[in-house]
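S.K.: These protein sequences, in sequence, are chains A, B, C and D.
Each residue of the first sequence is one higher than the last, beginning at 1106 in my numbering.
Each residue of the second sequence is one higher than the last, beginning at 1106 in my numbering.
Each residue of the third sequence is one higher than the last, beginning at 50 in my numbering.
Each residue of the fourth sequence is one higher than the last, beginning at 50 in my numbering.
Even for Gly, the Cβ is constructed at its ideal location relative to N, Cα and C.
My questions will all concern the structure given below.
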Amino acid sequence: MYLKRLEIQGFKTFANRTVIEFPLGVTAIVGPNGSGKSNVTDAIRWVLGEQSFSALRCRRTEDLIYSGGGKRAAQGMAEVALTIDNTDRTLPLDFNEVTIMRRSFRSGENEYFLNKNKVRLRDIQEATSPLASSYTLINQGLVDAALTLRPEERRSLFEDAA
Amino acid sequence: MYLKRLEIQGFKTFANRTVIEFPLGVTAIVGPNGSGKSNVTDAIRWVLGEQSFSALRCRRTEDLIYSGGGKRAAQGMAEVALTIDNTDRTLPLDFNEVTIMRRSFRSGENEYFLNKNKVRLRDIQEATSPLASSYTLINQGLVDAALTLRPEERRSLFEDAA
Amino acid sequence: MNSRFAQTFSAVAEEFSQAFTRLFGGGTAQLILNDPNSSESGIDIIAQPPGKRRQPLSLLSGGERSLTAVALLVALLKVNPTPFCVMDEVDAALDEANVVRLREQLLEMSQHTQFVLVTHNRGTVEAASTLYGVTMNPDGASKILSIRLDQLVDDGGAVRIVETVG
Amino acid sequence: MNSRFAQTFSAVAEEFSQAFTRLFGGGTAQLILNDPNSSESGIDIIAQPPGKRRQPLSLLSGGERSLTAVALLVALLKVNPTPFCVMDEVDAALDEANVVRLREQLLEMSQHTQFVLVTHNRGTVEAASTLYGVTMNPDGASKILSIRLDQLVDDGGAVRIVETVG
Ligand SMILES: Nc1ncnc2c1ncn2[C@@H]1O[C@H](COP(=O)(O)OP(=O)(O)OP(=O)(O)O)[C@@H](O)[C@H]1O
Ligand SMILES: Nc1ncnc2c1ncn2[C@@H]1O[C@H](COP(=O)(O)OP(=O)(O)OP(=O)(O)O)[C@@H](O)[C@H]1O
Ligand SMILES: [Mg+2]
Ligand SMILES: [Mg+2]
């Protein structure tokens, strides 16, 4: 299984529709402070079903939608789609290619799609359960989180791996 | 008032007696990971009377004394001396030059000296009270501490400045 | 004692010791199960960088902490690979020698794991086969461009994206 | 309401707004006293980097958080200078443009305040009139050397100390 492409529109600083292709191997993302690099990480985390606002550095759904800036108006919806090659069936879905999409509106409402079919959050969570490890996405500033955990808390990292 | 010189022996990684001269202006300290740069910051904090082990990244007095390494034996004492120009009498002591010295032994015992006179910890704290602000020493990883504080906690930074 | 957990633990512990020594260019480290008979047992980390005695974890430097945590991450990824891993500035505290060793470790694992690395560090960027530059326009909107390695200038510590001529 | 505190607060708030705009090369920020009538009132920070709308502090990037905190530090130092200030890697999250502005701010204040900066960043080092290199020998013992700017190589993101010939 591997990531193919991420499409972002209206999520945080991505006022412009943005497409990021992920070849195999190592992809690096660089740029000035505040340009949107960690927002890309947040977009991946969010589309995979993250429900904790603090893991996304915000407090409510509205914070995730482009709030406007300069001369540009705020938008009404955030949308992120992650397209995954699933030929090896790592994800429990019978498709060679899986596109997970999530939308949020200022009302706080969320919508979820698997290959264009509208589904519930739990369908997304079930579909992505092979990816649900605590070490797939390492947020900025949290690399040494494993060291600050109490020994009992560390155990859960291993339970993910087991 | 300004710092003149720091002398370190037996404190953390300073197995060798080390003297650092501080000219006016900006001094930069560079070097590889784990070489001892933050240990210099700890030495300054400690000689000024820091009593919190966590602010020094350790749990007990013994952790502050060179524990040995490679072929070299552990030492029995940590000693740091900070020499300060006090011509402007910022420190409430009637000397143009003040040397604050602190020693710790593996027993946990501490000794304090002002210009070679043995004194108590509270004499050091009184002598250095003009320096006791929460923004004189900014530890690694804590630059944005002021932002993570709750608004009520932030107030104490201003009370230091008032 | 959950024997699947026990198996996983000992595999991760083995990989961790090896990854630590590779990343630090020396030294030793271990993972210790506090109470092997308890299924609630915590896991302790003992880390001893090259030339140093065993000391409490809190005495480690910022860069040593980062690298020790990365060694644990590498161990978990080797025992139970995830198809991809996104790392946001895990190299922020590392000196140049450690950045080089981290880069080699990630390259070696990139055969089986797709890495997305957010970084300001030119040394880390050299591991990448694909490079994206993110910039901010005056409306607070992000713009992403595919860039080449020669468009990055290491100029005073962090990379800067420049236009290249021709 | 403690009037000395009120005076200090408004002086710091004024300096903070100015320092923020200097360090970010634009944008605005304010310190807000939640309840001016209460002597327990908390202090809120509103930070708006250039081109962005006012947003919760938590949405700021790592570098933006560092720089905002430094702006507050600068404000406190200007209102109530301490004779010296030791900063350990406050520049770790900053990009090159922000490192340059930080360096200029510190240089300007170094007339009245003695700064000791621990850093891996070559851009920050350029503010220094005195430079010490710390290295570790095989016994885990630190060694400090006075070094010259030309002995530092910026090689893949963090500085490295080299011997120079002659
Ligand atoms: N909903 C939103 N609308 C507009 N801007 C937003 C929104 N959410 C976050 N931002 C902006 O995104 C910026 C942070 O972006 P991000 O964290 O991706 O930066 P970064 O490139 O990782 O920078 P650094 O190198 O400092 O870590 C902040 O300036 C914040 O104001
Ligand atoms: N009492 C002690 N005896 C021997 N070594 C010690 C002692 N206390 C701390 N150390 C060692 O000091 C090292 C950390 O030093 P320090 O924090 O100064 O590094 P640093 O130069 O700031 O590195 P970084 O760039 O990663 O922040 C650790 O390796 C630790 O083992
Ligand atoms: Mg970031
Ligand atoms: Mg350090």
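Between which two residues does the alpha helix (DSSP H) holding C/Leu72 run?
M.R.: 52 to 73
S.K.: Starting from the Cα of B/Leu1226, find the closest Cα among B/Cys1163, B/Gly1154, B/Asn1138 and give me that residue.
M.R.: B/Gly1154
S.K.: If you follow the beta strand (DSSP E) that A/Asp1168 is part of, which residue opens it and which one closes it?
M.R.: That residue, A/Asp1168, is in no beta strand (DSSP E); it is neither H nor E in DSSP.
S.K.: For D/Ser159 and B/Gly1130, what's the separation of their Cα atoms in angstroms?
M.R.: 5 Å
S.K.: Thinking just about the alpha-carbon of each residue, which of C/Glu175, C/Pro130, C/Tyr181, C/Ile193 is nearest to the one in A/Ser1239?
M.R.: C/Pro130
S.K.: State the Cα-Cα distance for the pair A/Arg1194 and A/Ile1170, rounded to the nearest angstrom.
M.R.: Going from the Cα of A/Arg1194 to the Cα of A/Ile1170 covers about 33 Å.
S.K.: Given this structure, state the Cα-to-Cα distance separating B/Ala1133 from B/Val1145, to the nearest angstrom.
M.R.: 12 Å
S.K.: What do you get for B/Lys1221, buried or exposed, if any count of 16 or more other CB atoms within 10 angstroms of its CB means buried?
M.R.: exposed
S.K.: Since D/Ser106 contacts D/Ala118 with CB under 8 Å, what's their CB separation in whole angstroms?
M.R.: In the sequence under discussion, the amino acid at residue 106 of chain D is Leu, which differs from the Ser named in the question. Contact doesn't hold; Cβ gap of about 10 Å is too wide.
S.K.: Got a sec? Which residues, its chain only, sit under 8 Å from B/Cys1163 by beta carbon, not counting five neighbours each side?
M.R.: Leu1169
S.K.: State the DSSP-derived secondary structure class of B/Leu1226, mapped to helix, strand or coil.
M.R.: Taken through DSSP and simplified to helix, strand or coil, B/Leu1226 comes out as helix.
S.K.: At a Cβ threshold of 8 Å, is A/Pro1137 touching chain D?
M.R.: yes
S.K.: By the 10 Å Cβ neighbour count, where 16 or more other Cβ atoms means buried, how is C/Ile81 classified, buried or exposed?
M.R.: exposed
S.K.: Checking 8 Å against the spacing of the C-beta atoms, do A/Asn1138 and D/Asp144 come in under that value?
M.R.: Cβ atoms of A/Asn1138 and D/Asp144: closer than 8 Å.
S.K.: Do the region 1245 to 1253 of chain A and the region 1176 to 1183 of chain B touch if we need at least three Cβ pairs shorter than 8 Å?
M.R.: no
S.K.: How big is the Cα-Cα spacing for D/Val61 and D/Val128?
M.R.: Roughly 6 Å separates the two Cα atoms.
S.K.: In chain D, what lies closer than 9 Å to C/Leu143 by C-beta?
M.R.: His169, Gly206, Ala207
S.K.: Going by beta carbon distance, what residues of the same chain come within less than 6 Å of A/Glu1167, once the five residues before and after it are set aside?
M.R.: Arg1211
S.K.: Assuming D/Gly172 is part of the alpha helix (DSSP H), what are its boundary residues?
M.R.: 171 to 174
S.K.: Please classify C/Val214 as buried or exposed, where buried requires at least 16 neighbouring CB atoms within 10 angstroms.
M.R.: The predicted position of C/Val214 is uncertain, since its pLDDT is 47 and thus under 50; no value can be drawn from it.
S.K.: Chain C partners of B/Arg1164, CB-CB under 8 Å?
M.R.: Pro105, Ser107
S.K.: Could you tell me which chain D residues have their CB closer than 7 Å to the CB of A/Gln1245, listed as they occur along the chain?
M.R.: In chain order: Gly111.
S.K.: Is C/Gly206 buried or exposed, if buried means 16 or more other CB atoms sit within 10 Å of its CB?
M.R.: buried
S.K.: Please report the straight-line C-alpha distance between A/Phe1116 and A/Ala1148, rounded to a whole angstrom.
M.R.: 7 Å
S.K.: Could you check whether B/Met1206 and B/Val1152 sit closer than 8 Å to each other, using their CB atoms as the reference points?
M.R.: yes
S.K.: How is the alpha helix (DSSP H) around D/Arg114 delimited, first residue to last?
M.R.: 111 to 128
S.K.: Taking 7 Å as the cut-off, is the C-beta of D/Asp188 nearer than that to any heavy atom in ligand 4?
M.R.: No, Cβ of D/Asp188 sits at least 7 Å from all heavy atoms of ligand 4.
S.K.: Around the Cβ of D/Ser246, are there at least 16 other Cβ atoms within 10 angstroms (buried) or fewer (exposed)?
M.R.: Absent from the model: residue 246 of chain D. The displayed extent of chain D is 50 to 215, so no value can be given.
S.K.: Output yes or no for whether 8 Å exceeds the beta carbon distance between A/Gln1156 and C/Asp137.
M.R.: A/Gln1156 places its beta carbon 8 Å or farther from that of C/Asp137.
S.K.: Following a CB-centred definition, is A/Asp1168 positioned closer than 7 Å to any heavy atom of ligand 1?
M.R.: A/Asp1168 Cβ: within cutoff of ligand 1.
S.K.: Less than 8 Å between CB atoms is the rule here; does B/Ser1172 satisfy it with respect to chain C?
M.R.: yes
S.K.: Taking 7 Å as the line, does the beta carbon of B/Thr1118 fall inside it for any heavy atom of ligand 2?
M.R.: yes
S.K.: Using a Cβ cut-off of 8 Å (strictly closer), state whether A/Val1131 contacts chain C.
M.R.: yes
S.K.: Thinking C/Asp140 and C/Thr168 are a contact (beta carbons under 8 Å), I'd like their distance in whole angstroms, please.
M.R.: Contact annotation, C/Asp140 with C/Thr168: C-beta distance approximately 6 Å; criterion of less than 8 Å satisfied.
S.K.: Are the C-beta atoms of C/Pro85 and some chain D residue less than 8 Å apart?
M.R.: So, not an interface residue.
S.K.: Quick check on DSSP: helix, strand or coil for C/Asp203?
M.R.: strand
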